[in-house]
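Residue numbers (the working numbering), protein chains in the order written: chain C, 177 to 662; chain F, 177 to 662.
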């Protein structure tokens, strides 16, 4: 235990001796933050505002934002106003929309103007995009004309485009500068830039000519000219490029920042890696939501209202319920046949489930591979061939196990007289065809969607289940006719 | 068109006049790379190795790796050997395992040693983890004893832990250094570090005392002492921490690099943002695979063999097929009752589908919210209350539409005599209860899993469908008994 005593961390967190972790318990950032937050709450309850203020300035802005989101709504704006101007803007950018709105409604115009000036343009655009119109009006009034113009310009880019997530605060250099001049420029203007580590070399007409990193600058001699140092083979994005393609570039090329250019190759903004991580989370969430038959929501689950959740979920549920009419019709039209062999009905849910699950596996694998750029629409044939072979292996294994299971479990153990060898053969053979069909459809529909320029994830598992449900039933009925001669 | 003539890009790519994009067509990095790759292939076909070599050195390593993966296997190693030692290592790190194996098997021991020395430890660990044992032996022999020890040490960390994705190449500073000394140190040792932008201040016993960024250094005066400049409130990870928690920290705190410490708070490695992007992609893919009832694969879809895909898919398919036995048993035991009202059978698939889809929506939303840290197991009650209200709204809407639809479409238009008002009421009322049940189960099972320390994503949609299938059927039968008195 003694060895923990001189850890800086415990000093910062001011933990009591008995709060330090037992040896071997391990260090854990989360539990430190939790203890810290508890202490802030105590200070607040004791009204020790001076110490509270001092401690909040020491903390990471994200943790301060989390702390403020959790204290009750009446005291929150008051505590927020204890923060210094710089910290206030950082904490504000880390808030969700409801907290931002609450703050805006309880600070003065000049405080709001102060925050707006400290915010990066991309954060300001995010905030403006999520607030109700009357609040936006006040925010825009508080911004300087220059910021206001930038925000308006950025808001015009299509949603989820590179233009909509880029920011304007980057370091620009000229190719005739020396390393020494460049470092001097970074020192002069770097403070308010979203990144200084990647600098953008632009011509007089703002065309992007290359990039140079601070690493290059630091590792070169002072009198090296930027033109000799810069990388001209630059990975870039166009303003209208989809953010999913932007994040793929970051992952592929291990980028820290990506220049965004217009059609004349003029540099209009940059995207930084921290924003791209948010994009990746958001895109993955959207894909999962679509795969489960929901409309994508733009808010975290815990922040979404009941009616909004309902609105996101009911369209697919309704559509799928109505399209099950086909299955009903098939069942109704074969009622007489199924009455002859009533035992067949018992296996319909299993067959439909197996079809749905097989199709969902294939579609999920293909949708994810498409979205990661692992496969492309032109690979359609090889994908189907791959899925058909997998389906054959799966179908045979399932059919064999099912055949044995039906005869032993359903037939002998559960005394289901309807289960005879021909019936078991009918069900097992249907499985093979159903899995073959489900996996081909499940893999083809997303590729087809991509080819048509539609998001493949709308070919969601529920949709594929509904298609396979109807076809599974038809397969079952025709195999039964063939084998059982009914 | 003329305005494109002086773009540096076209010079690098050496595009012919007629290959330049039409005005307004837009700039697109992907199509530039494609043209470039075509030109490399032409050079290869013409055996112009000197020009090919020169052009590959100009390209981004990721694009070179992509180009090499696409040319045929016989010529690939030969072309790879044209690369300079530094580029070769970078390209090598960008390869997938099959290409890495091919290269290792066709270069000399000293060439391999050269690559190993240029690789970052985390890349070397990745490579060693994916290669067959006999190839690993040769790779380890080619590494220096120091690298070999590091690789062995890193391989001992649990899979998917912070320790398994960290790297050893970081800049360490002492707190008594001045800014000038620190910059001098970065210039001296920075070349081979994975990042120089975040520097780690450590004590003599390697305990982490703080971090300082190059931005801080550049914006401070030369004689500032690191101790006065460094941030002591450092976000860190422990070696055994799960990589999902690591990537959440990057997203929350907008980090570029994260220190990884052992139980005594000694700095053992760092995780950089480029590796975290790969982790985020991989974790999202795994969650999607689990949600669709597949075991997670560690390779891209297009690289996974048929048998391996089968092995990932068959366990859940088999388990779910067998668990459908319950549904069969329920159907069998109510055979007589269903025979009295044969028309009821036609709506079973729709009811089961609606239950499965409702449950999948809830479980996906909850699983994603859990994995993003938006909700925690202690929120269980509020989540269920939320889902019950949503379920009620969904159930009522679906039931109302279904009631009207059954009477108008099934009853009047399709002349299904079995559809009477009581039957429509039975089906509609069942929908309400089924949706209520499915949404509660769908939201509770993932939270329960999280509480038990199991990955919530194993409470996958197929599993929830199987549970709701059986219960939906029971609900339907009991509602039918109640309303139709059968």
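Even for Gly, the Cβ is constructed at its ideal location relative to N, Cα and C.
Item checked: the stretch 529-547 of chain F / the stretch 613-622 of chain F touching (three or more Cβ pairs under 8 Å) -> yes
Margin query: Only counting the same chain, and skipping five residues up and downstream in sequence, which positions put a Cβ closer than 6 Å to that of residue 567 of chain C?
Written below: 611, 612, 615
Next item on the list: Could you tell me which chain F residues have their CB closer than 8 Å to the CB of residue 429 of chain C, listed as they occur along the chain?
Entry: 236, 238
Next item on the list: Check whether the Cβ atoms of residue 291 of chain C and residue 264 of chain C sit closer than 8 Å, and answer yes or no.
Entry: yes
Notebook entry, point to check: Nearest chain F C-beta to residue 638 of chain C closer than 8 Å, yes or no?
Noted result: yes
Notebook entry, point to check: Going along the stretch 388-401 of chain F in order, which residues come within less than 8 Å of chain C, judged by CB to CB distance?
Noted result: 390, 391, 394, 395
Check: Sorted by chain position, which residues of the same chain lie with C-beta nearer than 8 Å to residue 414 of chain F's C-beta, five sequence neighbours on each side aside?
Finding: 338, 436, 437, 438, 439
Item checked: Straight-line gap, residue 342 of chain C to residue 240 of chain F (C-alpha atoms, nearest Å) -> 28 Å
Check: Quick one, which of F/319, F/236, F/399 has its alpha-carbon nearest residue 356 of chain F's?
Finding: F/399
Check: Mind checking whether residue 650 of chain C and residue 493 of chain F have CB atoms under 8 Å apart?
Finding: no
Checklist line | Proximity winner among C/622, C/236, C/213, C/203, relative to residue 428 of chain F (alpha-carbon distances) | finding: C/236
Item checked: Where the alpha helix (DSSP H) containing residue 405 of chain C begins and where it ends -> 402-405
Margin query: If I measure Cβ to Cβ from residue 489 of chain F and keep anything under 6 Å in the same chain, skipping five residues before and after, which residues do I get?
Written below: 470
Notebook entry, point to check: Just to check, is the beta-carbon of residue 620 of chain F closer than 7 Å to a non-hydrogen atom of the ligand SAH?
Noted result: Among the components of this structure there are no ligands whatsoever, and the ligand SAH is therefore not found.
Item checked: Local conformation of residue 611 of chain C per DSSP, three classes -> helix
Next item on the list: Express the C-alpha separation of residue 420 of chain F and residue 658 of chain C in angstroms, rounding to a whole number.
Entry: 52 Å
Note to self: If we define contact as Cβ-Cβ less than 8 Å, is residue 296 of chain F a contact residue for chain C?
What the structure shows: no
Notebook entry, point to check: Using a beta-carbon distance cut-off of less than 9 Å, what residues from the stretch 437-464 of chain C approach chain A?
Noted result: Absence of chain A from the displayed structure is noted, the protein chains being C and F.
Next item on the list: Verify the CB distance criterion: does residue 213 of chain F have a CB-CB separation below 8 Å to chain C?
Entry: no
Note to self: Which residue wins for smallest C-alpha separation from residue 321 of chain C, given the options C/293, C/426, C/347?
What the structure shows: C/293
Notebook entry, point to check: Considering only residues of the stretch 227-269 of chain C, which uninterrupted alpha helix (DSSP H) runs meet the minimum length of 4 residues and lie entirely inside it, listed in chain order?
Noted result: 237-246, 252-256
Item checked: Coarse secondary structure for residue 426 of chain C, derived from DSSP in three states -> helix
Next item on the list: Assign residue 261 of chain C to buried or exposed, taking buried as 16 or more other Cβ atoms, counted over all protein chains shown, within 10 Å of its Cβ.
Entry: exposed
Notebook entry, point to check: In whole angstroms, what separates the C-alpha of residue 330 of chain C from that of residue 312 of chain F?
Noted result: 51 Å
Item checked: Limits of the beta strand (DSSP E) - the one that residue 376 of chain C falls within -> 374-378
Notebook entry, point to check: Beta-carbon of residue 497 of chain F versus every beta-carbon of chain C: anything under 8 Å?
Noted result: yes
Item checked: Straight-line gap, residue 523 of chain C to residue 598 of chain F (C-alpha atoms, nearest Å) -> 27 Å
Check: Alpha carbon to alpha carbon, what distance is there between residue 212 of chain C and residue 222 of chain C?
Finding: 15 Å
Note to self: I'd like to check one pair, residue 543 of chain C with residue 467 of chain C: are the Cβ atoms closer than 8 Å?
What the structure shows: yes
Checklist line | Boundaries of the alpha helix (DSSP H) in which residue 662 of chain F is found, first to last residue | finding: Taken as a continuous stretch (DSSP letters only), residue 662 of chain F belongs to no alpha helix (DSSP H), as it is neither H nor E.
Notebook entry, point to check: Should residue 503 of chain C and residue 645 of chain C be called a contact, given that it needs their Cβ atoms to be closer than 8 Å?
Noted result: yes
Next item on the list: Would you mind telling me which residues of chain F sit closer than 7 Å to residue 508 of chain C, beta carbon to beta carbon, in chain order?
Entry: 522, 592
Notebook entry, point to check: In terms of alpha-carbon separation, which member of C/406, C/348, C/506, C/434 lies closest to residue 590 of chain F?
Noted result: C/506
Notebook entry, point to check: Since residue 596 of chain F meets chain C, which of its residues come closer than 8 Å, beta carbon to beta carbon?
Noted result: Those do not exist, as residue 596 of chain F stays about 14 Å from chain C at its closest Cβ, beyond 8 Å.
Note to self: Going by C-alpha to C-alpha distance, which of F/318, F/536, F/259, F/422 sits closest to residue 285 of chain F?
What the structure shows: F/318
Next item on the list: Could you spell out where the alpha helix (DSSP H) holding residue 566 of chain C opens and where it closes?
Entry: 556-581
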